[in-house]
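Please read the structure below before turning to the comments.
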Amino acid sequence: MTTSSYDLSPFSGREGETARLIEAFDWSATPLGAIGGWSNTLRNTIDLILGSPLPIVTLWGERGIMVYNEAYSHFAGARHPALLGSSVREGWGEIADFNDNVMRVGLAGGTLTYKDQELVLDRGGAPAQVWMDLDYSPILDESRTPVGVMALVVETSGKVLAQRALHDSEERYRAITDSVDQLIWSTLPDGYHDFYNQRWYDYTGVTEGSTDGEGWNGIFHPDDQERAWAVWRHCLATGEPYHIEYRLRHHSGVYRWVIGRAQPVRDAEGRISRWYGTCTDVHDLKIAEESLRDLTATLERRVAVESAARLEVEEALRQTQKMEAVGQLTGGIAHDFNNLLTVVTGNIDIAGRALSTVEEPDPRAKRALDNALKGAERAAALTQRLLAFARRQPLAPKQIDIDRLVSGMSDLLKRSLGEVVSLDVITTPGLWRIEADPNQLESAILNLAVNARDAMPQGGSLVIETANAHLDKQYAEAHADVAPGQYVVLAVTDTGSGMARETIERVFEPFFTTKEVGRGTGLGLSMIYGFVKQSGGHIKIYSKIDKGTTVKIYLPRLKAVQEDVEDVRPSQDVEPSHGQETILVVEDDEDVRAYTVEILRELGYRILEAHDGASGLRLLERHGEPIDLLFTDVVMPGMSGAELAAAARLAQPDLRVLFTSGYTRNAIVHGGRLDPGVEMISKPFTYSALAAKIRDTLDL
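Using my numbering, you'd call the opening residue of the sequence shown number 178 and step up by one each time.
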């Protein structure tokens with residue numbers, strides 16, 4: 178290279194960061210040498226590219242030393258400014274072989290042009306697929322000798338990807354339209370037909386392109402051509418949807434009736450950008466119209482049957498809604514009754530224990546207390562049945578083998594049925610397991626058996642049968658509140674007096690009974706109904722007068738079966754405090770709170786008491802020392818028991834909590850079961866039951 182004397186700022190007139198970087202760069206450490214000794218060719222070329230808005234890089238000498246302009250620096254991204262003054266092979270190492278060829282061709286005087294050249298470049302630490310338009314030409318010095326290569330680099334990745342996306346979209350569109358069993362077509366805004374799917378060509382037998390534009394009018398039936406085109410021209414003029422019946426020539430040569438439909442698609446300004454249409458073969462339907470008008474009487478009968486079926490479904494839905502409304506009412510009543518019964522049974526219990534300390538208690542007083550306690554316990558059982566019907570009882574579901582459970586109840590059932598009723602239990606090999614509350618299920622089976630016995634006063638037979646069952650979507654649609662799926666069915670069948678349809682419709686209502694006064698509360702079947710529904714199941718009764726009754730209980734199959742685990746029941750022994758533990762009692766009912774506090778103090782516990790959640794939380798914060806147990810009602814005005822427990826555990830994370838309620842709603846019970854890790858005692862509770870539960874909770 179020849180040199181001439183220039184000042185040290187040859188590009189001072191050029192704006193931009195890259196021009197300043199070139200001026201400030203130490204070129205003496207590169208084969209180009211100090212900037213003051215650059216040749217006219219080098220200086221003029223760099224000055225030229227710095228003035229260009231296009232991304233240009235020059236590659237000088239055999240090593241391809243890179244000098245580039247501002248636009249190229251943006252293309253280089255994170256590699257800039259490290260690329261400046263480096264060799265092209267080192268700067269773009271991932272495409273070194275590609276650039277080696279560029280240098281060989283360029284320094285030999287050749288040119289290279291690439292359109293949408295695919296390259297894999299390292300961008301952001303990861304390889305990325307890119308596309309470029311590349312133009313390489315040699316840089317000649319004053320003697321016409323190649324001294325470098327000039328590269329114009331324009332990234333076309335966006336264009337290529339857009340073209341590919343468009344191509345893929347068109348291919349998908351073609352694939353979709355070809356897969357549809359319809360004749361699909363499309364036109365330009367002026368109605369020029371330019372697209373048909375493969376089904377069109379298969380159906381008509383015409384060659385591709387022969388029906389473009391107005392060419393398709395030729396395959397209409399001659400008698401339909403004028404009418405079809407008149408309708409089409411009207412739609413093009415008004416933008417109204419196209420809908421018409423006409424005859425189209427089939428590839429067999431026969432004209433077949435089709436329905437032509439088309440809808441316009443509009444752009445953001447409301448202008449029609451395209452029409453999309455279909456042709457549907459209705460020839461067979463048209464030919465059959467006359468005979469269909471005659472198959473009418475049958476159709477009307479079918480409509481009548483379907484209407485009756487729909488009325489049955491609607492009636493079942495109304496019945497379900499009625500049962501839900503009654504359940505909400507009975508649940509609320511049960512809540513208040515449980516609070517009252519807690520006070521009644523508690524004070525009877527206190528009086529009984531006080532009487533037992535007298536040396537010579539009055540026998541009449543003892544009998545009176547015993548009778549009062551029995552009456553309260555019957556009321557508590559009645560309230561529990563109300564909660565069962567209302568689906569508000571806290572269940573304790575476990576994995577159950579129904580065959581094993583029923584077999585284990587055989588002796589109890591035989592004693593309950595008496596000598597005049599025979600019992601037959603039919604089990605099923607490979608019966609699926611279920612998850613339900615075993616105590617509630619046993620109670621349901623016993624209730625059904627006793628009902629069956631009462632329906633057979635002169636004797637008869639009772640069959641209890643199990644089976645796997647599948648309730649399909651059709652069955653579920655016909656029965657409100659039933660989910661399709663796999664179930665285990667328990668069928669209890671008797672040969673008794675049976676029931677009329679009107680009785681079956683009301684049999685699950687609470688307090689409804691066909692028995693004489695004094696022989697039942699009318700809550701047995703309603704309790705079973707509530708338990709089954711709360712367990713996610715379904716119950717169905719089949720019965721006819723003097724033909725017996727079958728009650729089928731469907732309980733969902735348990736998919737995740739585990740090994741049987743022995744049921745460990747909590748202790749019922751009365752244990753006092755082990756060291757004057759502190760218990761915070763929160764109960765909004767004053768009488769229940771007073772009774773509870775009296776019991777716990779008698780057991781030796783230190784008691785803090787509050788009438789609502791907010792007061793209890795303030796008391797906990799002011800107490801200063803950790804408490805051992807929070808004993809709280811679930812349903813309280815303002816802050817619920819669950820909210821109180823959560824707030825209290827923020828202050829004392831290891832706090833043990835025992836809930837109580839006569840009506841749990843959804844505070845700590847979800848899906849018919851207690852939330853994991855929740856301890857609860859239901860109202861009404863006795864002295865011994867509360868003492869044992871408190872001790873069990875503290876000793877967990």
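Glycine included, each C-beta is placed from N, C-alpha and C at the ideal position. Quick caveat: nothing in here was measured; it's all calculated off a predicted structure.
For residue i, three-class secondary structure by DSSP
{"i": "Phe-252", "result": "helix"}
{"i": "Ala-565", "result": "Because the pLDDT of Ala-565 is 48, which lies under 50, any placement of that residue in the model is unreliable, and the question is left without a value."}
{"i": "Pro-747", "result": "The predicted position of Pro-747 is uncertain, since its pLDDT is 46 and thus under 50; no value can be drawn from it."}
{"i": "Gln-757", "result": "coil"}
{"i": "Val-408", "result": "helix"}
{"i": "Tyr-652", "result": "helix"}
{"i": "Ser-468", "result": "helix"}
{"i": "Leu-827", "result": "helix"}
{"i": "Gly-699", "result": "Here Gly-699 scores only 47 on pLDDT, less than 50, and its place in the model should not be relied on; the value that follows carries that caveat. Correct three-state label for Gly-699: coil."}
{"i": "Gln-711", "result": "helix"}
{"i": "Val-459", "result": "coil"}
{"i": "Trp-269", "result": "coil"}
{"i": "Met-243", "result": "strand"}
{"i": "Ala-844", "result": "With a pLDDT of only 49 at Ala-844, under the threshold of 50, the placement of this residue in the model should not be trusted; the figure read from the coordinates follows. Note: Ala-844 maps to coil in three-state DSSP."}
{"i": "Thr-680", "result": "helix"}
{"i": "Ser-593", "result": "helix"}
{"i": "Gly-193", "result": "coil"}
{"i": "Arg-448", "result": "coil"}
{"i": "Val-763", "result": "strand"}
{"i": "Asp-171", "result": "This structure cannot speak to residue 171, because the chain is shown only from 178 to 877."}
{"i": "Ser-205", "result": "helix"}
{"i": "Ser-587", "result": "helix"}
{"i": "Gly-214", "result": "helix"}
{"i": "His-257", "result": "coil"}
{"i": "Gly-675", "result": "coil"}
Element boundaries [alpha helix (DSSP H), containing residue i]
{"i": "Lys-870", "result": "864-875"}
{"i": "Val-282", "result": "273-284"}
{"i": "Ala-787", "result": "Taken as a continuous stretch (DSSP letters only), Ala-787 belongs to no alpha helix (DSSP H), being part of the beta strand (DSSP E) at 783-787."}
{"i": "Glu-779", "result": "767-779"}
{"i": "Arg-795", "result": "790-800"}
Residue interval of the beta strand (DSSP E) (run including residue i)
{"i": "Asn-645", "result": "637-648"}
{"i": "Tyr-373", "result": "370-373"}
{"i": "Gly-662", "result": "662-671"}
{"i": "Ala-328", "result": "323-332"}
{"i": "Val-834", "result": "833-838"}
{"i": "Pro-437", "result": "The amino acid at residue 437 is misidentified as Pro; the sequence shows Gly. Segment 432-443, the beta strand (DSSP E) holding Gly-437."}
{"i": "Leu-806", "result": "806-810"}
{"i": "Ser-599", "result": "598-603"}
{"i": "Ile-155", "result": "Because the chain spans 178 through 877 in this model, residue 155 falls outside it and cannot be assessed."}
{"i": "Thr-235", "result": "233-237"}
DSSP beta-bridge partners of residue i
{"i": "Lys-721", "result": "Gly-725"}
{"i": "Lys-575", "result": "Ala-613"}
{"i": "Val-307", "result": "Leu-296"}
{"i": "Phe-397", "result": "Leu-425"}
{"i": "Ser-859", "result": "Ser-838"}
{"i": "Gly-454", "result": "Trp-362 and Ala-439"}
{"i": "Pro-315", "result": "Val-326"}
{"i": "Arg-734", "result": "Ile-611"}
{"i": "Ser-264", "result": "Ile-242"}
{"i": "Leu-289", "result": "Tyr-313"}
From the options, residue whose alpha carbon lies closest to that of residue i
{"i": "Gln-711", "options": "Ser-720, Asp-658, Gly-675 and Val-684", "result": "Asp-658"}
{"i": "Asp-293", "options": "Tyr-453, Leu-807, Val-330 and Asp-458", "result": "Val-330"}
{"i": "Glu-779", "options": "Tyr-864, His-715, Glu-596 and Ala-677", "result": "Tyr-864"}
{"i": "Asp-876", "options": "Ser-838, Val-855, Arg-833 and Phe-862", "result": "Arg-833"}
{"i": "Phe-808", "options": "Arg-678, Ala-868 and Pro-615", "result": "Ala-868"}
{"i": "Asp-805", "options": "Ala-787, Arg-872 and Pro-540", "result": "Arg-872"}
{"i": "Ala-660", "options": "Leu-735, Leu-667, Ala-668 and Lys-650", "result": "Lys-650"}
{"i": "Ser-599", "options": "Asp-299, Pro-634 and Ile-611", "result": "Pro-634"}
{"i": "Ile-681", "options": "His-647, Ile-579, Leu-794 and Tyr-706", "result": "Tyr-706"}
{"i": "Asp-789", "options": "Pro-540, Ile-603, Glu-239 and Asp-810", "result": "Asp-810"}
{"i": "Trp-452", "options": "Phe-372, Asp-401 and Arg-770", "result": "Phe-372"}
{"i": "Ile-223", "options": "Glu-239, Met-243 and Gly-585", "result": "Met-243"}
{"i": "Val-282", "options": "Gly-241, Ser-264 and Val-307", "result": "Gly-241"}
{"i": "Asp-671", "options": "Tyr-652, Tyr-664, Gly-725 and Ser-620", "result": "Gly-725"}
{"i": "Ala-613", "options": "Ser-593, Asp-588 and Gln-576", "result": "Gln-576"}
Proximity test, residue i beta-carbon vs the ligand MN heavy atom, cut-off 6 Å
{"i": "Ser-817", "result": "This structure lacks the ligand MN, and indeed carries no ligand of any kind."}
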